[in-house]
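Sequence order for the protein chains is A and B. The numbering used here applies: residue 471 is where the first sequence begins, and numbers increase by one. The numbering used here applies: residue 471 is where the second sequence begins, and numbers increase by one.
There are 2 protein chains.
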Amino acid sequence: MARVVIDVMLKPEILDPQGQAVQRALPRLGFDGVADVRQGKRFEIELEGPADEAALARVREMAETFLANTVIEDFTVRVEEPADTAGSGSSR
Amino acid sequence: MARVVIDVMLKPEILDPQGQAVQRALPRLGFDGVADVRQGKRFEIELEGPADEAALARVREMAETFLANTVIEDFTVRVEEPADTAGSGSSR
Numbered sequence: 471m472a473r474v475v476i477d478v479m480l481k482p483e484i485l486d487p488q489g490q491a492v493q494r495a496l497p498r499l500g501f502d503g504v505a506d507v508r509q510g511k512r513f514e515i516e517l518e519g520p521a522d523e524a525a526l527a528r529v530r531e532m533a534e535t536f537l538a539n540t541v542i543e544d545f546t547v548r549v550e551e552p553a554d555t556a557g558s559g560s561s562r
Numbered sequence: 471m472a473r474v475v476i477d478v479m480l481k482p483e484i485l486d487p488q489g490q491a492v493q494r495a496l497p498r499l500g501f502d503g504v505a506d507v508r509q510g511k512r513f514e515i516e517l518e519g520p521a522d523e524a525a526l527a528r529v530r531e532m533a534e535t536f537l538a539n540t541v542i543e544d545f546t547v548r549v550e551e552p553a554d555t556a557g558s559g560s561s562r
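As structure tokens, then:
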């Protein structure tokens with residue numbers, strides 16, 4: 471079993487209304503000093519086998535054809551170490 | 471300027487219908503060997519100042535009170551290195 475994380479974010483040149491809504495709300499809630507907020511998606515995928523090069527190639531294909539809209543979104547694929555699954559509110 | 475990433479995921483014991491929908495669609499699309507999929511949110515926050523301990527404490531407070539619903543969601547806060555903002559489809 472291996473965990474792979476796919477992060478999908480809107481491309482920098484694409485307007486992000488969700489992120490803008492968050493950014494505009496922050497000063498009202500007392501949080502200043504935030505220059506920009508972008509909001510995207512995070513997929514945590516548990517593979518049945520190991521995260522070898524073949525499996526990662528399949529995951530990248532999955533991300534490209536299905537999880538991300540590559541016209542407007544960028545994605546990154548990375549293997550997450552088991553120790554990395556920290557609990558609530560942890561800083562890592 | 472520093473970039474901080476906040477990942478917000480449903481707690482493991484909370485049902486994730488979005489992730490389940492993705493997981494069920496994968497075999498139909500030709501992707502086998504995926505044991506589980508969880509879908510969450512990723513926020514990329516650009517701070518105007520440095521990501522020092524005080525700033526990170528504020529970001530954690532922001533995540534806890536505003537970005538995550540800590541009844542059902544866990545969050546993690548981490549500083550992202552500038553070199554980490556790789557382009558489309560990169561593996562890191």
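Backbone N, C-alpha and C fix where the C-beta goes; we use that ideal spot for every residue, glycine too.
Buried versus exposed, by CB contacts within 10 Å (16 or more), residue i
| i | result |
| --- | --- |
| B/Asp477 | buried |
| B/Met471 | exposed |
| B/Asp522 | exposed |
Whole-angstrom distance between residue j and residue i, CA atom to CA atom
| i | j | result |
| --- | --- | --- |
| B/Asp514 | A/Asp502 | The sequence given here places Glu at residue 514 of chain B; Asp does not occur at that position. About 16 Å. |
| B/Val474 | A/Lys481 | 17 Å |
| B/Glu531 | B/Glu518 | 17 Å |
| B/Glu483 | B/Thr540 | 13 Å |
| A/Asp486 | A/Met479 | 9 Å |
| B/Val549 | A/Val547 | 18 Å |
| A/Ala505 | A/Ala491 | 13 Å |
| A/Arg494 | A/Gln509 | 13 Å |
| B/Lys419 | A/Arg512 | Here chain B comprises residues numbered 471 to 562, so residue 419 of chain B is not present and cannot be evaluated. |
Beta-bridge pairing of residue i - partner residues as DSSP gives them
| i | result |
| --- | --- |
| A/Glu543 | A/Leu480 |
| B/Asp522 | Answer by DSSP bridge pairing: none, since B/Asp522 is not bridged. |
| B/Gln493 | Note: B/Gln493 sits in no beta bridge, so no partner. |
| A/Ala472 | A/Leu517 |
| A/Arg548 | A/Val475 |
Residue range of the unbroken beta strand (DSSP E) whose run includes residue i
| i | result |
| --- | --- |
| A/Phe513 | 504-517 |
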